[in-house]
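Undergrad: Questions regarding the structure given below will be posed in turn.
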Ligand SMILES: *Cc1c(COP(=O)(O)O)cnc(C)c1O
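Numbering (our numbering), first residue to last: 133 to 522.
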């Protein structure tokens with residue numbers, strides 16, 4: 133028994149999904165199983181060398197050793213603005229419309245702390261990346277689920293939200309390309325989102341860390357590419373996925389000046405920003421990495437996607453072939469729940485997949501595979517799955 137009673141808001145938080153998976157994996161490893169984890173979306177390839185070298189240089193410069201500005205180096209925010217222009221043709225004022233984040237995950241909690249009062253709703257997709265939900269709960273807000281159904285291409289039906297919820301809703305979360313469903317969204321959808329938010333005085337939070345991870349020539353959109361988006365929302369983005377920098381903890385919030393400055397006020401009182409050395413290296417990442425490097429990573433993920441697609445469809449599992457993200461969202465075979473199937477995969481194949489229910493009740497019936505493991509390990513995992521499910 134814990135000695136101190138946890139706050140009500142913390143007691144509402146279910147155990148962190150990946151912490152539970154890690155625990156199961158540790159158990160299996162202890163009993164001698166060579167576990168292959170396809171459970172976590174964390175790029176297996178290293179950060180490009182020119183970025184690491186820039187961190188080394190910056191770390192040796194004493195000017196980078198003091199507290200950073202909480203809103204981030206102006207040069208970093210300028211690099212973000214120039215990157216958004218180059219990659220998405222979105223114009224941003226680096227001073228008022230860009231904020232440095234300690235990874236985009238941080239941004240969603242601080243957005244909630246900035247805007248959600250007890251009794252306010254956040255409209256949260258189900259299934260979803262769990263911090264939208266937990267961030268809302270930590271801010272003492274209420275979660276209203278937006279079911280993401282395969283029949284609707286995993287897009288929420290905004291017209292179905294009850295009137296009294298809409299009235300009390302402060303934030304609408306959208307995230308495409310989507311983790312975990314791998315669905316993508318087009319301009320039409322974002323136009324609907326902007327109109328809905330404007331009509332109902334709501335903030336849109338577009339979480340877009342996979343904006344660069346895509347295949348077959350598909351280019352994901354930024355929410356801010358749609359007219360009016362900047363007036364009603366922010367986009368969270370990150371260097372984690374396109375530059376293999378998950379461990380570095382650097383991302384950005386971009387969009388509405390009003391919303392950006394509120395998040396900045398929270399941050400000024402909670403954290404003191406990102407180490408300037410990391411920001412300097414991130415500037416190098418955004419400005420000095422040829423875009424062909426992102427294409428190279430994507431072609432590696434695409435080959436892996438094709439291997440997993442072939443293997444799983446070959447053993448009778450229904451899989452969506454994703455156009456973006458490094459995940460596969462797959463149907464659990466008849467007679468299984470997502471948890472029982474994930475347990476079977478660990479037991480029979482020594483392979484970790486994530487049960488869909490871990491992302492919300494509408495994830496039941498699915499499991500997620502991440503292709504962020506080296507080719508040889510992925511091939512081995514696929515061989516084992518073929519054998520186990522024959
Ligand atoms: C990976 C991921 C993030 C986290 O990005 P960080 O910048 O590393 O915090 C945010 N949202 C989604 C949906 C993700 O999959």
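Note that beta-carbon positions come from the ideal geometry of N, C-alpha and C, so glycine has one too.
Cβ of residue 342 within 7 Å of Cβ of residue 309?
TA: Contact: yes.
Undergrad: Contact defined as beta carbons within less than 8 Å: I believe residue 451 pairs with residue 459. What is the distance between those atoms, to the nearest angstrom?
TA: No, residue 451 and residue 459 are not in contact; Cβ-Cβ is about 11 Å, not under 8 Å.
Undergrad: What's the call for residue 181, buried or exposed, on a 16-neighbour Cβ count within 10 Å?
TA: Its Cβ having fewer than 16 others within 10 Å, residue 181 is exposed.
Undergrad: For chain C, find out if any of its Cβ atoms is closer than 7 Å to the Cβ of residue 483; answer yes or no.
TA: Going by chain labels, chain C is absent from the structure shown, which holds only one protein chain.
Undergrad: Taking the C-alpha atoms as reference points, what is the distance between residue 198 and residue 408?
TA: One C-alpha to the other measures close to 8 Å.
Undergrad: DSSP has residue 339 in a bridge; who is on the other side?
TA: Its beta-bridge partners are 368.
Undergrad: Decide if the segment 172-187 is in contact with the segment 406-423; the criterion is three or more beta carbon pairs, one per stretch, under 8 Å apart.
TA: Result yes; three or more Cβ-Cβ pairs closer than 8 Å.
Undergrad: For ligand 1, any of its heavy atoms closer than 6 Å to the Cβ of residue 341?
TA: Yes - ligand 1 has a heavy atom lying nearer than 6 Å to the Cβ of residue 341.
Undergrad: If contacts are defined as beta-carbon pairs under 8 Å, then residue 385 and residue 270 qualify, I think. What distance do you get, rounded to the angstrom?
TA: About 18 Å separates the two Cβ atoms, so there is no contact after all.
Undergrad: Going by beta-carbon coordinates alone, are residue 456 and residue 346 separated by less than 7 Å?
TA: Their beta carbons are under 7 Å apart, which means residue 456 touches residue 346 by this criterion.
Undergrad: Let me check one thing: in DSSP terms, what residues is residue 139 bridge-paired to?
TA: Bridge partners of residue 139: none, in fact.
Undergrad: Examine ligand 1 and report whether any of its heavy atoms sits within less than 6 Å of the Cβ of residue 308.
TA: No, the beta carbon of residue 308 sits no closer than 6 Å to any heavy atom of ligand 1.
Undergrad: Please report the distance separating the alpha-carbon of residue 160 from that of residue 475.
TA: Each residue's alpha carbon lies about 11 Å from the other.
Undergrad: Residue range of the beta strand (DSSP E) that residue 499 falls in?
TA: From DSSP, the beta strand (DSSP E) with residue 499 extends over 498-502.
Undergrad: Just curious, the alpha helix (DSSP H) that residue 277 is in, first and last residue?
TA: Note, residue 277: premise wrong, no alpha helix (DSSP H); beta strand (DSSP E) at 274-279.
Undergrad: Under the assumption that residue 237 contacts residue 263 (Cβ atoms under 8 Å), give the Cβ distance between them as a whole number of angstroms.
TA: 5 Å between Cβ atoms; contact.
Undergrad: Return the residue from the list 202, 164 and 171 that minimises the CA-CA distance to residue 402.
TA: Taking only the C-alpha atoms, the option nearest residue 402 is 202.
Undergrad: Please determine whether the Cβ atom of residue 261 lies at a distance below 6 Å from any heavy atom of ligand 1.
TA: Yes.
Undergrad: Please return the same chain residues whose Cβ sits closer than 8 Å to the Cβ of residue 454, not counting the five positions on each side in sequence.
TA: 309, 314, 347, 437, 460 and 461, listed in sequence order.
Undergrad: What residues match up with residue 94 in a beta bridge as DSSP calls it?
TA: The structure shown has nothing for residue 94, since the chain only spans 133 to 522.
Undergrad: Using only alpha-carbon positions, find the residue among 412, 375 and 303 that is nearest to residue 428.
TA: Nearest of 412, 375 and 303 to residue 428, Cα basis: 375.
Undergrad: Among 289, 214 and 509, which one has its Cα closest to the Cα of residue 420?
TA: The residue with the shortest Cα to Cα distance from residue 420 is 214.
Undergrad: Am I right that residue 355 and residue 322 are in contact with their C-beta atoms under 8 Å? What's the rounded C-beta distance?
TA: With a Cβ gap of about 5 Å, residue 355 and residue 322 count as contacting.
Undergrad: Below 6 Å, is the gap between the Cβ of residue 236 and the nearest heavy atom of ligand 1?
TA: Yes - ligand 1 has a heavy atom lying nearer than 6 Å to the Cβ of residue 236.
Undergrad: Quick check on this structure: which residue in 514, 493, 151 and 244 has the alpha carbon closest to the alpha carbon of residue 397?
TA: Among 514, 493, 151 and 244, the Cα nearest to that of residue 397 belongs to 244.
Undergrad: Buried or exposed, going by whether 16 or more other CB atoms sit within 10 Å of the CB of residue 404?
TA: By the 10 Å Cβ count, residue 404 comes out exposed.
Undergrad: For the beta strand (DSSP E) that residue 311 lies in, which residues bound it at each end?
TA: First-last for residue 311: undefined, no H or E at that position.
Undergrad: How far does the beta strand (DSSP E) with residue 253 in it reach, from first residue to last?
TA: 253-258 is the extent of the beta strand (DSSP E) around residue 253.
Undergrad: Hey, would you say residue 279 sits closer than 7 Å to residue 136, going by beta carbons?
TA: No, the pair does not count as a contact, with Cβ atoms beyond the cut-off.
Undergrad: For residue 384, does the three-state DSSP call read helix, strand or coil?
TA: The answer is strand: DSSP assigns residue 384 an E or B state.
Undergrad: Cα-Cα, which of 267, 296 and 387 is closest to residue 209?
TA: When only C-alpha atoms are compared, the closest one is 387.
Undergrad: Less than 7 Å between C-beta atoms, sequence neighbours within five positions excluded: which residues of the same chain meet that for residue 394?
TA: 246 and 247.
Undergrad: Do residue 381 and residue 173 count as a contact pair if the criterion is CB distance below 7 Å?
TA: In this structure, residue 381 does not lie closer than 7 Å to residue 173 by Cβ.
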